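Q: Questions regarding the structure given below will be posed in turn.
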Amino acid sequence: MNRINLEDLLPRNPIELDRKEIADYLRNKVVLITGAAGSIGSELSRQIAKYAPRLMILIDFAETPLHNLLLEMKKRFPELESIPILTSITDKRNLELVFGLYRPQVVFHAAAYKHVPMMESFPAKAVQNNCMGTRIVADLAVKFGVGKFVMISSDKAVNPTNVMGCSKRICEIYCQALDKSTGHQTQFVTTRFGNVLGSNGSVIPIFMEQLREGGPLTVTHPDIVRFFMLIPEACELVLQACTLGKGGEIFVFDMGRQVRIADLAQRMIDLSGLKGIEIVYTGLRNGEKLFEEVLNQEETTLPTTNPKIKVAKVREYEFGEVLRNELALEELSYHSGDFNIVRKMKDIVPEYKSMHSKYEILDS
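Heads up: the sequence shown begins at 1 in our numbering, then just goes up one per residue.
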């Protein structure tokens, strides 16, 4: 089988950025990254390390990936002190010790549960890890005077059709409302982008494994489309948005045009050089929709100094109301059933309409 370069799968040229501003901002900073061993978090760690921060705090709950990341950091950046923290973002007591000891100046919050069908089955875990975990890390950022907090969101947060996407929208709402609250110095910035080529559990590794096994390649629907970026360029845009953000923004990235998954599968078959590989359609999964959006239909965007990054103008919420909703939702996640949890999520995010899901009954 021929080697497949991810760059060959994109219908556009990779994004290139001016990195001087990023370097000036991150140099000699104490940087904390949650979800540091994941696809986005690990690439953020590699890129940030190139800009000579004073210290990097790498937080993840997955032991082996975190261990492997630490070994890579020591090998590639031996002069940089990288501190691994094996913990969950829901462990407030432990995280408070970490923030108090290392006093991070910049936080990149990449930790999240991301698989749509899994979160449809476990909405309590989506709430506890994504929503509550974000609240804990964000609140600690305020408590310990972090300068900037960058949250990694998703295009699935726009007009969400599934639990995962709604949980990310709730995270966006909390961070934006917290930014507007008084009495703190932390600037909260959110970044939205689509799927990243080759990330853990995404379609590219699945297709690669199916090719190695001789096919077929499985696609849920012939018309399903997604936005795609390369992991390095997604992380570069996150770092650029960090330097642009003044607090309260939700940045959206220009990801080109959407790609038909069936076309992506065929492209991989062609590049592999293998013959006789078929594409089989399996049907949409729970919570899955045919296309993703980067902006709500009622939102507009404003330009930035970077043509690839725009600011979404979204509805703003009062922090007291947002906090009450968060706490009520978290209480339900521990003491109530799936439908009550999702009903509350729909109350918080009215544009959340379930698709191919047992929760559709709540929309009627």
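Glycine is no exception: its CB is placed at the ideal position from the N, C-alpha and C atoms. This one's a predicted model, so the numbers in the text were calculated from it and none came from an experiment.
Classify D60 as helix, strand or coil using the three-state DSSP reduction.
A: Here residue 60 refers to the residue found at position 60 of the sequence shown. It is a strand residue.
Q: Mind checking whether I89 and A124 have CB atoms under 7 Å apart?
A: Start at 1 with the first residue of the sequence shown, and residue 89 comes out as number 89. Start at 1 with the first residue of the sequence shown, and residue 124 comes out as number 124. Going by C-beta atoms, I89 is not nearer than 7 Å to A124.
Q: Just how far apart, CA to CA, sit S446 and L274?
A: Any property of residue 446 remains undetermined from this structure, which presents the chain solely from 1 to 364.
Q: Identify the continuous beta strand (DSSP E) that holds H109 and give its terminal residues.
A: To locate residue 109, count along the sequence shown from 1; it is residue 109. Element bounds for H109: 106 to 109.
Q: Under DSSP, the beta strand (DSSP E) around I83 begins and ends at which residues?
A: Residue mapping note: residue 83 aligns to position 83 of the sequence shown, counting from 1. First-last of the beta strand (DSSP E) with I83: 81 to 86.
Q: Helix, strand or coil: how does DSSP classify Y281 here?
A: Residue mapping note: residue 281 aligns to position 281 of the sequence shown, counting from 1. Strand at Y281.
Q: Rounding to the nearest angstrom, what Cα-Cα distance links Y334 and K75 in this structure?
A: On the sequence shown, residue 334 is found 334 positions in, with the first residue counted as 1. On the sequence shown, residue 75 is found 75 positions in, with the first residue counted as 1. Distance from the CA atom of Y334 to the CA atom of K75, rounded to whole angstroms, is 42 Å.
Q: Kindly list the residues whose CB is nearer than 6 Å to the CB of T134, restricted to its own chain and excluding five residues on each side of it in sequence; keep chain order.
A: Here residue 134 is taken as the residue at index 134 of the sequence shown, counted from 1. Here the set comprises C171.
Q: Where do the ends of the alpha helix (DSSP H) carrying L329 lie?
A: Your numbering for residue 329 matches position 329 in the sequence shown. That run of the alpha helix (DSSP H) goes 319 to 335.
Q: Since P104 and I57 are thought to touch, with beta carbons under 8 Å apart, how far apart are those beta carbons, to the nearest angstrom?
A: Position 104 of the sequence shown, counting from 1, holds the residue named residue 104. Position 57 of the sequence shown, counting from 1, holds the residue named residue 57. 6 Å between Cβ atoms; contact.
Q: Please report how far the alpha carbon of V314 lies from the alpha carbon of K346, in whole angstroms.
A: Position 314 of the sequence shown, counted from the start, is the residue given in the question as residue 314. Position 346 of the sequence shown, counted from the start, is the residue given in the question as residue 346. For V314 and K346, the distance between alpha carbons rounds to 17 Å.
Q: According to DSSP, which residues form a beta bridge with N2?
A: Position 2 of the sequence shown, counting from 1, holds the residue named residue 2. Paired residues: none, contrary to the question.
Q: Under three-state DSSP, which class holds I441?
A: Outside the shown range of the chain (1 to 364) lies residue 441, about which nothing can therefore be said.
Q: Helix or strand or just coil, what does DSSP make of K313?
A: Translated into positions along the sequence shown, residue 313 becomes position 313. Correct three-state label for K313: strand.
Q: In the DSSP assignment, what are the bridge partners of T218?
A: If you number the sequence shown from 1, residue 218 lands on position 218. According to DSSP, which records beta bridges pairwise, T218 is partnered with V280.
Q: Pick helix, strand or coil for Q187, following the three-state DSSP scheme.
A: Mapped onto the sequence shown, residue 187 falls at position 187. Strand.
Q: Just to confirm the assignment, what range does the beta strand (DSSP E) spanning L274 have?
A: Position 274 of the sequence shown, counted from the first residue, corresponds to residue 274. Note, L274: premise wrong, no beta strand (DSSP E); not H, not E.
Q: Do the CB positions of D223 and L290 come within less than 7 Å of each other?
A: Within the sequence shown, the letter at position 223 stands for residue 223. Within the sequence shown, the letter at position 290 stands for residue 290. The Cβ atoms of D223 and L290 sit closer than 7 Å to each other.
Q: Going by the CB atoms, is the gap between V30 and R46 shorter than 7 Å?
A: Residue numbering aside, residue 46 sits at position 46 when the sequence shown is read from its first letter. Residue numbering aside, residue 30 sits at position 30 when the sequence shown is read from its first letter. No, Cβ-Cβ distance for R46 and V30 is not below 7 Å.
Q: Using a threshold of 7 Å, state whether the C-beta atoms of F207 and M229 are closer than that.
A: Within the sequence shown, residue 207 is the residue found at index 207, counting from 1. Within the sequence shown, residue 229 is the residue found at index 229, counting from 1. Contact annotation: F207 and M229 have beta-carbon atoms that are not nearer than 7 Å.
Q: Mind checking G183: buried by the 16 CB within 10 Å criterion, or exposed?
A: The residue given as residue 183 occupies position 183 in the sequence shown. That one is exposed.
Q: Could you tell me how far apart the beta carbons of I261 and V203 are, in whole angstroms, since I believe they sit closer than 8 Å?
A: Locating residue 261 in the sequence shown gives position 261, where the first residue counts as 1. Locating residue 203 in the sequence shown gives position 203, where the first residue counts as 1. Their Cβ separation, rounded to whole angstroms, is 6 Å, which keeps I261 and V203 in contact under 8 Å.
Q: Between which two residues does the alpha helix (DSSP H) containing V349 stretch?
A: Taking the first residue of the sequence shown as position 1, residue 349 is located at position 349. DSSP places V349 in no alpha helix (DSSP H); its state is neither H nor E.
Q: Quick one: is L327 buried, meaning 16 or more other Cβ sit within 10 Å of its Cβ, or exposed?
A: Taking the first residue of the sequence shown as position 1, residue 327 is located at position 327. Exposed, by the Cβ-count rule.
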